[in-house]
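A short worksheet on the structure shown next.
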Amino acid sequence: MGLGRYIFRRFILSAFVVVGVTFLVFVAAQVVPSDPAALYAGPRPSAEQIEKARAELHLEASLPERFIRFGKAMATGDFGVSYKSRRLISQDLAAFLPATLELAAFSTFLALLIGIPAGAFAAARRGGWLDRMGGLASIAAVAMPAFFLAMLLQFVFAKWLGVLPLSGRMSREIAISAPLAPVTGFALIDALLSRRFDAFGDALAHLILPALTLAAYPAGIAMRLTRSAMIEILERRHILAARALGLSGRRILFGHALPNAVGPALTVLGLSFAFALTGAVLVEIIFAWPGLGRYVSEAILSKDFPVIAAATLVVTLCYVAMNLVLDLAQALIDPRVTLK
Amino acid sequence: MALLDIRALSVDLPAPGGAIHALRRVDLTVTRGTIHGLIGESGCGKTMTAMALLGLLPRGADIGAERFLFDGMALRDVASSLRGRRIALISQDPAAALNPVLTIRRQIDDVLRAHHDLPRVARDARAVELLAATGLPDPARVLRSYPHQLSGGMQQRVVIAQALATGADLLIADEPTTALDVTIGAQVLALLRRLVQERGLTILMITHDMDVVAEVCDSATVLYAGTSVEDGPMSEVLTRPRHPYTRALLAALPDAGPPGTRLAAIEGRIPPPFEAIAGCAFAPRCAAAQAECRLRPPPERQDGQHRWTCLVERGTDDQAAA
Amino acid sequence: MRGLHQRLGWPGAVSLALILIAFGMALLAPWVAPFPDQGAGAPSIATKFLPPSADHLLGTDHLGRDMVSRVIYGARVSLSSGLLIVAFSLLIGLPVGVLAGYFGGWLDEGLMRITDVFLAFPALLLAVLMAAALGPGLLNSIVAVAVTWWPWYARMARAEVLALRGQPYVEAAQLMGVGHPRIILRHILPAAVRPLSVQAALDVGPALLTASALSFLGLGVLPPTADWGQMVDAGRKFFPERWWYSAAPGMAVFILALAFSVLGDALRDRAGGRRDGSA
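Chains as they are written, first to last, in my numbering: chain A, 2 to 341; chain B, 56 to 377; chain C, -19 to 259.
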């Protein structure tokens, strides 16, 4: 299969997945819960109120019709109104999504920063004590429940050592007295854009603990994958062949071994980001991080299904899009991928 | 002067619980402009000899030799600087020897860049020329390809072109035909033969396959358990083998006996490489072995260019039967 | 006969022992828990928030219940949700994968695309969505996680079946006119179940981690039933002053998940024929 056909097929599959995902969310949010109209109509609604809500939500229409209506609304970014706050969900998402993406991106960065060099070192010193310690640490990181690790980190760094803030995204002084102008919604970038280095440091300090919590699991995975990938690549015959042809060590490592490692690295990147995105639900509650995760968990408690559906859909679409990009990148780097 | 002049080469590898005797005593003389076969079963030290010549032995390897010379230079000191410059490897299994994620252009260009100070355009022209020299049709298309887009025979030719790109005068061909089917293998052997004649190269052909040796080699050395047991011109070794091991190898060929006879597999197995051997390494498996064979190293015998090590003196006429 | 520790290595053997102990305690909770009634949920306000002591090795919670007993009772929920998630997932994934792999063609294409849709969700998020839709409760949270879990087994089963389908004895059976259901039940399923069941056993650890995350979010069992994730969440309000409240169940989840993970590694090493580090 040529590269062009591969890309085409990958796009079609992604489109199919998007429709399927939308359908699943629709089923979960509109069909399963007992009566959306009763929830929509507010607390202790009268019969007329429920009737009115039923009409507003088009609940009388047939299921396929409702699904198409739902899909159209989602496609145009019209996620409806929160049952509870009565605010436009799209506005809330716009406010909360950047915070979650910032957290997820930073924790992915941390996971790769820790996991990949650790895995490479473990591969180079295979069987040594560093390898063994790393192996133990990676197993522990994978088995640690994120919500518990979050509390441990809070205890050690915020309460005991007192070096990092306990929770939140910004200190009160900065958030209230001299707030950042939201340009991108990413606190770190906004701070740099407006040359507010005090705010930058503050945002970074708030970011570290939640990001570290989310990074533990993917860092453990990244370390294992990098280790086995590096061991496998360095033992391949074409590396020996390149040496036997007199190529320099640096040329072999960077020109020949590394391109082979890009595939596993991209896999690790995808896994890390996916974990960070979903783990955010847990971690944001504990760290009072004003992102999608906390938004969703509050919605869960109040059975605010439009909010849950919209947030799930948006995060899943981010995830699908990222996987698509990674797959295409992989296909461009490793020509054999398109053969599958 | 011989291009390669090796006498009593031994390589010990460090291992938990004592050293591994990867090579015990190898004598090897290769004349310029010839193809010399290095023959033996797997595990006999063929590849280890190649790695020693390329300076690619594992860390901690202990090399001993009475003479270990390439073109008069002490290889022990210069092997790693000669590697790729004067000695290059044609890898076994080309599918594994080529990097799957780089184009052929990149992989040949890297070699050219490592050894020649040429501008890019000249390197491209040289790459095309080298691929053409290996008999590849449409070199320009091959350059744009990735390894998986080429057939096994084409990949092997690319690997040969890489070795030529180094400009080395000694090529070590490690089982160059085992990964290929018979007809393609024969073409590759013919190509190597031609390259030796046209370019004045020298090839050390590592193989376990007597047919390959018979087809292209001018002379050959037979290795057994890290020891060279017989050495001589191809015609001598093939038609009048002197060492019992060489005889056994030849007898094990499918077309050695009359049709219908069973293959004469050699009884027993190679002595493990961590074992010390006092006498002849082949003695435990040798039908003609005497008690003394196990006690002291066999003497070297010579008949013109033909040399072998065996205690038992024998005529050559009885070979006609086998 | 070699000892267990020789076959699994010490870490693997210790992990197996821990897992078995956890199962034993869960099964025998009413007899091994020091305060069975408190473990089952009965409050004892007089002993509220006692730190760890000889009477209460892990202290007591905000309702005065002995944490040792609560953790032991919590093991019942955690282990059974781990097991049931894997069992439900196998129940869906195995038939889907076997049918897709055996029949191929449009059925394979259709089933695999549906699988893709489920795999396209970040797993925890889909579980949260499902659990929220179904409402809290042990069974609901198990179903919610199983919904995200089965596609993996479907894929594995399909790969196994694809390999088996080309086997001479399967082809021979087809040529002899043996019916599809019979071939599947006789030749395909038994061979596909083995590797899958090993994987499934190892997945109990990750499954109970996910389940505990759901119950931490309030989507699992309802109080007063003891559940580790929910206990960590309950203790969060009193953290870190009453650290034992969250720490005891948190460590329990960690240790059990760790044991499954280490045991899995040991089994994989054994299956791979060699231990890492030594060739």
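Glycine is no exception: its CB is placed at the ideal position from the N, C-alpha and C atoms.
When beta bridges are read from the DSSP output, His91(B) appears opposite Leu259(B) and Ser274(B). In terms of CA proximity to Ala187(B), Leu219(B) leads the group Thr238(B), Arg295(B), Arg87(B) and Leu219(B). In the three-state reduction of the DSSP assignment, Thr364(B) falls in the strand class, which pools E and B. When DSSP assignments are scanned along the region 223 to 259 of chain A, the uninterrupted stretches of alpha helix (DSSP H) that are 4 or more residues long and fall wholly within it turn out to be 238 to 245. Per DSSP, Ile52(C) has no beta-bridge partner at all.
Listed in chain order, the positions of the region 193 to 209 of chain C with a beta carbon within less than 9 Å of a beta carbon of chain A are Ala193, Phe196, Leu197, Gly198, Leu199, Trp208 and Gly209. For the pair Val76(C) and Thr95(C), the CB atoms are nearer than the 9 Å cut-off. For the region 127 to 145 of chain A, the beta-carbon criterion of a distance under 7 Å to any beta-carbon of chain B is satisfied by none of its residues.
In the DSSP annotation of this structure, Phe80(A) is not part of any beta strand (DSSP E), being labelled neither H nor E.
Residue state for Arg356(B) is assigned as strand, using DSSP reduced to three classes. In terms of Cβ geometry, Leu189(C) and Ala220(A) do not form a close pair [threshold 9 Å]. The beta carbon of Ala57(B) is closer than 7 Å to those of Thr84, Val85 and Thr86 in its chain, skipping five residues each way along the sequence. Around the beta-carbon of Trp208(C), 16 or more other beta-carbon atoms lie within 10 Å, marking it buried. Runs of alpha helix (DSSP H) with 4 or more residues, each lying fully within the region 70 to 155 of chain B, are found at 101 to 109, 130 to 137 and 149 to 152, listed in chain order. Listed in chain order, the positions of the region 160 to 173 of chain B with a beta carbon within less than 9 Å of a beta carbon of chain A are Arg161, Gln162, Asp165, Val166, Arg168, Ala169 and His170. Taking CB atoms only, Gly256(A) has a neighbour in chain B less than 9 Å away. Under the 8 Å Cβ criterion, the region 213 to 227 of chain C does not count as touching the region 127 to 143 of chain A, having fewer than three qualifying pairs. Here the C-alpha atom of Val22(A) lies approximately 8 Å from the C-alpha atom of Thr317(A). When C-alpha distances from Pro31(C) are compared across Leu119(C), Tyr225(C) and Ile(-1)(C), the shortest belongs to Tyr225(C).
Within the same chain, His170, Thr221, Gly222 and Ala223 come within 8 Å of Arg140(B) by CB-CB distance, once the 5 residues on both sides are set aside. Apart from sequence neighbours up to five positions away, the residues of its chain that approach Ile286(A) with a beta-carbon distance below 6 Å are Arg295 and Ser298, ordered along the chain.
Under the 9 Å criterion on CB atoms, Ala6(C) is classed as non-interfacial with respect to chain A.
In this structure, DSSP gives Thr189(B) a state outside helix and strand, which the three-state scheme calls coil. By the neighbour-count criterion, in which a residue is buried when 16 or more other Cβ atoms sit within 10 angstroms of its Cβ, Ser49(C) is buried. Burial state of Ser135(B) is exposed, judged by a 10 Å Cβ sphere holding fewer than 16 other Cβ atoms. Measuring C-alpha to C-alpha distances from Ile239(B) to each of Leu250(B), Leu256(B), Val267(B) and Tyr279(B) identifies Val267(B) as the nearest.
Beta bridge pairing from DSSP links Pro288(B) with Ser274(B). Not one beta carbon of chain A lies nearer than 9 Å to the beta carbon of Met47(C). Contact annotation for Pro220(C) against chain A: Met152, Gln155, Phe156, Lys160 and Trp161 [CB-CB distance below 9 Å, chain order]. Segment contact: the region 118 to 134 of chain C against the region 158 to 172 of chain C, fewer than three CB-CB distances shorter than 8 Å; contact not assigned. Contacts between Pro32(C) and chain A, judged by CB atoms closer than 7 Å, are missing: the closest CB pair is about 16 Å apart. In the structure shown, the three-state DSSP call for Arg295(B) is coil. Counting C-beta atoms within 10 angstroms of its own C-beta, Ser241(C) has 16 or more neighbours from the protein chains shown and is therefore classed as buried.
DSSP assignment within the region 173 to 241 of chain B yields the following whole beta strand (DSSP E) runs of 3 residues or more, N-terminal first: 225 to 229. In this chain, Ala307(B) is not harboured by any alpha helix (DSSP H), its DSSP state being neither H nor E. DSSP lists Thr282(B) as the beta-bridge partner residues of Tyr279(B).
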